[in-house]
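Asks: First the structure, then my questions, so here it is.
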Amino acid sequence: MRRRRALSEEEARLWAGVARQTQPLPGKHLPDVVAGEPTAVPTSPSRAKKAALPKAIVRRIAAAMAAVPKVEPVSPPTLPAPLPVPKTLMPAYQAPALKRKVPPLHPIERPVTRKLGKGRLPIEARIDLHDKTQIVAHYALLGFLRRAQADGMRHVLVITGRGASFGSRGVIKRSLPHWFDTAEFRPLVAGFEPAERGHGGEGAFYVRVRRR
Numbered sequence: 289m290r291r292r293r294a295l296s297e298e299e300a301r302l303w304a305g306v307a308r309q310t311q312p313l314p315g316k317h318l319p320d321v322v323a324g325e326p327t328a329v330p331t332s333p334s335r336a337k338k339a340a341l342p343k344a345i346v347r348r349i350a351a352a353m354a355a356v357p358k359v360e361p362v363s364p365p366t367l368p369a370p371l372p373v374p375k376t377l378m379p380a381y382q383a384p385a386l387k388r389k390v391p392p393l394h395p396i397e398r399p400v401t402r403k404l405g406k407g408r409l410p411i412e413a414r415i416d417l418h419d420k421t422q423i424v425a426h427y428a429l430l431g432f433l434r435r436a437q438a439d440g441m442r443h444v445l446v447i448t449g450r451g452a453s454f455g456s457r458g459v460i461k462r463s464l465p466h467w468f469d470t471a472e473f474r475p476l477v478a479g480f481e482p483a484e485r486g487h488g489g490e491g492a493f494y495v496r497v498r499r500r
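Note that our numbering has the sequence shown beginning at 289, numbered continuously upward.
Given below as structure tokens:
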């Protein structure tokens, strides 16, 4: 059984708007619905039949949907080809350049020592290591000879005296030949000899500075 109920004013106004935009089928007409008049309402949703939309409304909906522009799929951007990976990130090994072999020490010729003793050959600089400890004398002499070589000097005088280290006498004098044979002094010293008496005798040395 169906029972009727009256439409509200809002429902009647909505129906009138739909009816104005709808073209009825040939031989058919849309019923006039007035607010307050009863209308048939299914007693149960499960038993009610769904009303089919008019074909004109279906066509309008289809036309409206067709007018919507299609969204074209966006292709992903083309990435550049990856750079080739180098075989190694380390620079190629290069063997270190061989250092020039330092010639051995040569004694100063006797005629040269005589000329130095008599002043015929100039002594271009001198350093006095007297009363210095061994470690202080070592670095003082190293710096002195480096400056002499940089200045282009050829013959210098090194006064050792007796020195003092660990209570020993003459330690600097005994250490001097050993120092001159080490890697620090070999590039600086070409040769050495005990000085003449006028320059200190056994307590001093003539030193020939190696050319650069």
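Glycine included, each C-beta is placed from N, C-alpha and C at the ideal position.
These figures come from a predicted structure and were not determined experimentally.
Alpha carbon to alpha carbon, what distance is there between GLU490 and LEU409?
Replies: Cα to Cα, LEU409 sits roughly 20 Å from GLU490.
Asks: If VAL446 and ILE415 are in contact, beta carbons under 8 Å, what's the gap, nearest whole angstrom?
Replies: Confirmed, Cβ separation roughly 6 Å.
Asks: Could you tell me whether any non-hydrogen atom of the ligand NAD is closer than 7 Å to the CB of GLY489?
Replies: Among the components modelled here there is no ligand, and therefore nothing to report on the ligand NAD.
Asks: Are the beta-carbon atoms of VAL444 and VAL497 separated by less than 8 Å?
Replies: Taking 8 Å as the Cβ cut-off, VAL444 and VAL497 qualify as a contacting pair.
Asks: Using the Cα positions of THR470 and GLN422, report the straight-line distance between them to the nearest angstrom.
Replies: One C-alpha to the other measures close to 15 Å.
Asks: Ignoring anything shorter than 3 residues, give me the beta strand (DSSP E) runs that lie fully in the segment 410–454, in order along the chain.
Replies: Correct list: 413–416, 443–447.
Asks: Do you know whose CA, among TRP467, ALA428, ALA413, PHE468, lies nearest ARG442's CA?
Replies: For ARG442, the nearest C-alpha among the options comes from ALA413.
Asks: Does the beta-carbon distance from ALA483 to PHE493 come in below 8 Å?
Replies: Contact flag set, yes.
Asks: If I'm right that ARG473 touches LEU417 with Cβ under 8 Å, what's the distance once you round it to whole angstroms?
Replies: With the sequence shown as reference, residue 473 is identified as Phe, and Arg is not the correct amino acid for it. At roughly 14 Å, the Cβ-Cβ gap does not stay under 8 Å, so PHE473 and LEU417 are not in contact.
Asks: Under a three-way DSSP split, which group does VAL390 fall into?
Replies: Of the three classes helix, strand and coil, the one that applies to VAL390 here is coil, per DSSP.
Asks: Return the Cβ separation of ARG434 and LEU476 in integer angstroms, given the expectation that the two are a contact with Cβ distance under 8 Å.
Replies: 6 Å between Cβ atoms; contact.
Asks: In whole angstroms, give me the CA-to-CA distance for THR366 and ARG348.
Replies: One C-alpha to the other measures close to 42 Å.
Asks: Please state whether DSSP places PHE473 in a helix, a strand or coil.
Replies: In the structure shown, PHE473 sits in coil (DSSP, three-state: anything other than H, G, I, E or B).
Asks: From ALA438 to GLY407, what distance separates their C-alpha atoms?
Replies: Looking at the two C-alpha atoms, the distance is approximately 23 Å.
Asks: Would you list the residues sitting across from VAL497 in a DSSP beta bridge?
Replies: Beta-bridge pairing links VAL497 to VAL477.
Asks: Going by the CB atoms, is the gap between ILE411 and PHE480 shorter than 8 Å?
Replies: Cβ distance not < 8 Å, so PHE480 and ILE411 don't count as in contact.
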